[in-house]
Each structure stands twice: as C-alpha cells, then as structure tokens.
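Just below is one structure, and these are the notes that go with it.
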Amino acid sequence: MSVEIPLKGIGNLDNQAPISSIIFKQGTNMDGKEHRLFIDQIEFLPTKTPDMKLTGKAVLSSVEAHERHVDIMWQLPLTPSIRYIKIYRSEDNQNFVPVAVRPISFNKYTDFVPRTNVSYYYKIAWVDYQYRESPFSEIKTAETKLAGDEDLLNSIEKSHIAYFTNETEFNSGMHKISPLVSDASISVKGTGIGILAQVIGVERKFIPRQLLLDRLKKIVKFLGRATTYHGAFPELLNGRSGKPIMTDSCEIAANIESTAYLMQGLLVARNYFDKESADESELRDAISSLWNGVDWTKFVKEGNGYHLYSVWSPACSFTKSAPIGGYNGSLIAYLLAIASPSHAITPASYKLGFKQPLKYVGPAIGRLSTSVSDTLLFGKNGEKPELYNRESFMIDSTYYGIRLVAGSVQTSLIEQQLPFLAINPRSPIDSTVNYFDNQCDLSMIYYRAALDSGEQFVSITNLLWPYVGKDSAFVNRFNPSAAIATYPYTPTIAMEALKNYYRNLGSFLWTEYGFRDEFNFKDNWVSGNFDPIHQGIVPIMLENARTGLIWNLFMKDPDIKLLVEKIR
C-alpha cells in the first residue's frame, strides 16, 4: 500500500530546513490496543511527477572487478522520468537477482560479493516514479581474483579517493559536507585533506591530471573572492556565495587550523603541478597569493606572545577562541605560521606555544594559582582574566614495556596521526622528539591495548583495534581508518587490520568510498556517515608509506625547507 501525505498541509514547516525525522503517533480514536506500522520506504516527491514510460534500454558503462567487490558504473541520460537505478547480479548469467537500488545522484555502485575467484554478471534498469523498470542494459562480466598486497592497497586507495572526487560542490570545487544537492555548505579543512588525496589519485592514474588541475583552478578562484579575515578562512563556507555559514555574530570568524589544512593541501598541489605550462603556472601563482595572504600573527594575542588561538572574529575578537597546541593536528598550524614568507610568527612559538599546550580552567576571579609553573593568567583585551593549566607535552612514560616520549594513550589515535599527513615525521624539526619513532611506539601501544582488552570477537573475526576512545561509552566502537593509517609505522599489523576489515567485515563495512567511519559489534551498529579526515587519512598514509609522495612534495617546498632551519 502506498500513502501520500501533502507537505503543504503540515503547519509550521520550514521549507528551507532539512527534515531530520518523521514521527508517527497512534491516534486517539482507536480500539485502545497497540498497533504496529511497517514502513518499507519514505520518499519526498514533487507535487507532479513525470508519467512518461521508460522505453529505452539502460546503459551500463563498465564493471570493474576487485578481490571482493565489483564497481558498477552507468551513464544516465537526461530523462526526467528516471527516479532510480536498479542493479541486478547473477552467477550463471541466467538467474539475476536485484542487489541494490541507487538514486540518480549516483553514477556508481560497489557490490561486495560473497566469494572471490568467481565470475559475476551484471545488468541494470532505470526505474521511474511509478516503479516501472526500463528494458535491461547489456550484460557485463566481472571476474574477481584474490589480490596481492599491492593490488589490494591500490583498491583501498582508489575507493577512499573517490569520496573526494565525487563529493565536490559544483560551483566552488571544494568539499561539500552534505550529499543533498540543495546544500552548498563546504568544508575548508575537508578540502585541504581532499587535495592531498586527489594528488595521490592523479599519481596513481585513478583520475586524470587535467581534471584535478581544472578543479584546483576553480577552488583557488573561488577562495580568491571568498570571505576571509586577515587572509584566513572560516571552517564552513557557502559554496555559491563564499560567505561564512554561521548564525552567531561571534562565530563569524576565521579558523586557523582549518586554514592551515587548506594551505597544506595547496602547497602540496603547488609542488606537484610544476610544469611550465600556462595553466600550471597560473595555478602556482594563485596558490602563492593565498598562502602569502594569511596573516598568522593576528591569531596570537598581543602581550601573550607564543600561542596561536583557534579563531578570530571581527565582531568579538578572541572572545570565543582558545589557545591551540599539543600532540595533535594543531602542529601544522604552528609550522605553517612559522614558515610563512610574509606574516610569520616567532619560531619560539613552536617550543613555547605548541609544546606548552594550555587547558582552560575558568575565570581567574575567585581562583588562586597553586603553582606558578603550572598555571597561566590571560587577559582578553581588557576583559576579565581567565585561568589555564599548562599541560605536559613530553610524558616519557612506559606502556606494555614500550617507552612513549610524547602523545597520549587517552585520546584518539587518528588525532595524533593528523600532524604527519604532509610533514615527514622523519624530518629533524625537533631535537628532543624523534616523531617517527614516537609514532611507531604510539601505534604499537594502541595495538597492545587491544590485545590486552580481550575484545577480539574471535568467533566472528580477527583482532579489532583501536578503540575510538577510552571512555566506557565508546569502548566497543572501532574506526577502521585509525588502524590502517598506522601503515607507515607498523606495516605488518596495519596490513593485517586492513585485510581483516576488508575480507572478514567488508560485507557491512565496505562502500563506494571505502571503509565506513565507525562500527560497534555489541550494539549491531555501523555509521551511515563519512568523515573527510577518516576517509582521507587512509590513502594519504598508505601512499606515504609506499612512495613518500605527499611527504616528499610538502618537504621540498622552499618555504618549508626554511622552516626546519628556523625552528632548530
């Protein structure tokens, strides 16, 4: 049975706001008993839908077989009657069963197949608004085969990179945060990470070089007219207008970390597109203009000297800002701020800012500092002073017999991998911390913690690691990207994790965009969303381990070469 409910009859409905939930309630004029309503599908349709029957055959462009998944691509004609694409699979080329339905916003489906070393046959049909199917496409065959390590790594990288090539806002070329066509919100940080991933895609010949070049030209043109404050960008922008997406006037602000991740990606692109063609030269000049335009000094408070602050607002200055630092993703902000050829902060900020992270305690009024060395007082442009604790950067502790010099086992492993997407941890930027060795130790400690926990689900799969966090509420939640991204540091156990997640758990973890974000066996839950950090860190760190591509491109930048000398 199909039921139609006109939206125009619902009072107080905001036509501009997305609908996040629909609640059904039992009416009062019933028999007093509880009734169950089974709903197969909910759709939002226009008032008038096309009624023309689909007579043309569907067009299946290609099928591409991998070890345990097959990528199915199609060409969609400009026919308004098409509502869905229906995919059929067969193992004998005779008996076909439907395996998926996709909306017209997709041009690809990834089918995770039951077995490898098997031939699968595919055909598709268009589906109209009345659920009538078009004539079938031609049948195409995919032969799955057991993959060697290199082929498997290529498959993983390619799928994760597809997330960034497909989730692009059409006007700006930047990374959109919602699959909804009408939502033009874009992420500055996600765009920066996506650029790194797409450079790998070009080098691996997953995407054409010219396609990324054209996209980057669109991005830098858009950024050149987007809203900035002291040359820095807000985290969220409207991809059509270039204006910030905020509601609070104090939140209309530049985000220094998001800007740093964007600049990191652009600097890598500046070094990758190094041909003397007019297009690539124009791109390099535009990137240099954006890079030189960021005034990093405006994100350091006058009189406090060394710490970068997270945001700066033209309306509220640093009122809603906090000092950044510590063994986390803020490293790139400090390093780029010191490396800036036009508006650099003092190199001392690395040791006295980044390596002396501050934690907010509260207003200083009515509080006493118990230790001069452990607490700091800050004034905010004449406002009431506030109290911060200075936290330790160097910890020099031992876990499972493994010495850890810096970092924390109480926080996200991914957060502690983010500093080294482009900065090579082997570079001698710090004489007191060998970042590469420390990352190896940190990865191994998380692995040993998983072994020690006993949460191995041995009846279902192999060891799962790492936990999303140490909080008991998240002790059974796992993030595949975190384990796989340790590949440069612990390649053997990272490869084991990758194979486990793909071969044993791929039926519910693997998608068109690679691995899903998180899952929880005990609650029978898997995330339906994707995160640009988690999707991007996989191909970036896999490629850094395999060829050093992103590390090499970033570290050869002339401004970054000078950075090492400045800090040391």
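For what it's worth, the working numbering labels the leading residue of the sequence shown as 4, then goes sequentially. The C-beta atom is built at its ideal place from N, Cα and C for all residues, glycine as well.
- When the five nearest sequence neighbours on each side are left out, the beta carbons in the same chain lying within less than 8 Å of the beta carbon of Ile-405 are those of Asp-444, Met-447, Ile-448, Arg-451, in order along the chain.
- When C-alpha distances from Ser-261 are compared across Pro-83, Ile-327, Lys-354, the shortest belongs to Ile-327.
- Approximately 6 Å separates the beta-carbon atoms of Leu-269 and Leu-293; this is inside 8 Å, confirming the contact.
- Of all C-beta pairs linking the region 310 to 323 to the region 245 to 263, three or more are shorter than 8 Å, placing the two stretches in contact.
- Going by DSSP, Arg-86 is part of the beta strand (DSSP E) stretching over 85 to 93.
- Cβ contact annotation for Lys-56 (same chain, cutoff 8 Å, sequence separation greater than five): Ser-84, Asp-131, Arg-135, in chain order.
- Per the coordinates, the alpha-carbon of Ile-536 lies some 11 Å from the alpha-carbon of His-163.
- If the five residues before and after Lys-161 are omitted, its C-beta is found closer than 6 Å to the C-beta atoms of Phe-209, all from its own chain and listed in chain order.
- Of the candidates Ile-222, Asn-295, Ile-8, Thr-250, Ile-222 places its Cα closest to the Cα of Thr-194.
- Following the DSSP letters along the chain, one finds Gly-365 inside the beta strand (DSSP E) bounded by residues 361 to 366.
- In the displayed model, Val-202 falls within a helix according to three-state DSSP.
- Taking each of Glu-394, Ala-61, Leu-334 in turn and checking the Cα distance to Arg-86, the smallest one comes out for Ala-61.
- By the Cβ-count criterion, Gln-413 is exposed, with fewer than 16 other Cβ atoms from all chains shown falling within 10 Å of its own Cβ.
- Annotation: the continuous beta strand (DSSP E) that includes Leu-240 extends over 239 to 241.
- For Thr-171, the closest alpha carbon among the candidates Leu-501, Asp-217, Phe-139 is that of Asp-217.
- At a Cβ-Cβ threshold of 8 Å, Asp-154 and Thr-113 do not count as neighbours.
- With contact defined as three or more Cβ pairs closer than 8 Å, the region 222 to 234 and the region 281 to 301 are in contact.
- A residue is called buried once 16 or more other Cβ atoms fall within 10 Å of its Cβ, and Ile-198 is buried on that count.
- Beyond the five residues adjoining it in sequence on each side, Ala-325 comes within less than 7 Å, by CB distance, of Tyr-312, Ser-313, Tyr-363 in the same chain, given in chain order.
- In this structure the region 486 to 504 touches the region 433 to 444; the number of beta carbon pairs closer than 8 Å is three or more.
- Excluding five sequence positions before and after Leu-501, the CB atoms of its chain that fall closer than 6 Å to its own CB belong to Ile-487, given in chain order.
- Within the region 408 to 435, no run of beta strand (DSSP E) at least 3 residues long lies entirely inside it.
- Contact between the region 263 to 279 and the region 557 to 564 is present: three or more C-beta pairs spanning the two stretches fall below 8 Å.
- DSSP, reduced to helix, strand and coil, places His-346 outside both helices and strands of the structure shown, so it counts as coil.
- Ser-65 counts as exposed, since fewer than 16 other beta carbons sit within 10 angstroms of its beta carbon.
- Ranked by Cα distance from Lys-11, the options Thr-119, Thr-50, Gln-419, Lys-224 are led by Thr-50.
- In this structure Leu-215 is buried. Its beta-carbon is surrounded by 16 or more other beta-carbon atoms within 10 angstroms.
- DSSP lists Ile-88 as the beta-bridge partner residues of Arg-105.
- The distance from the Cβ of Leu-424 to that of Ile-341 is about 18 Å, inconsistent with a contact at the 8 Å cut-off.
- Per DSSP, reduced to three states, the secondary structure at Val-6 is coil, with no helix or strand assignment.
- If you look at Val-223, you'll find it in the alpha helix (DSSP H) that goes 212 to 228.
- Nearest to Val-202 by C-alpha distance, out of Leu-566, Lys-564, Thr-550, Arg-571, is Thr-550.
- The alpha-carbon separation between Phe-225 and Leu-467 amounts to approximately 42 Å.
- Taken through DSSP and simplified to helix, strand or coil, Ser-188 comes out as strand.
- Taking C-beta separations shorter than 7 Å and ignoring five residues to either side along the sequence, the partners of Arg-228 in its chain run Gly-245, following chain order.
- For Asp-534, the CB contacts under 6 Å within the same chain, skipping 5 residues up- and downstream, are Asp-520 in chain order.
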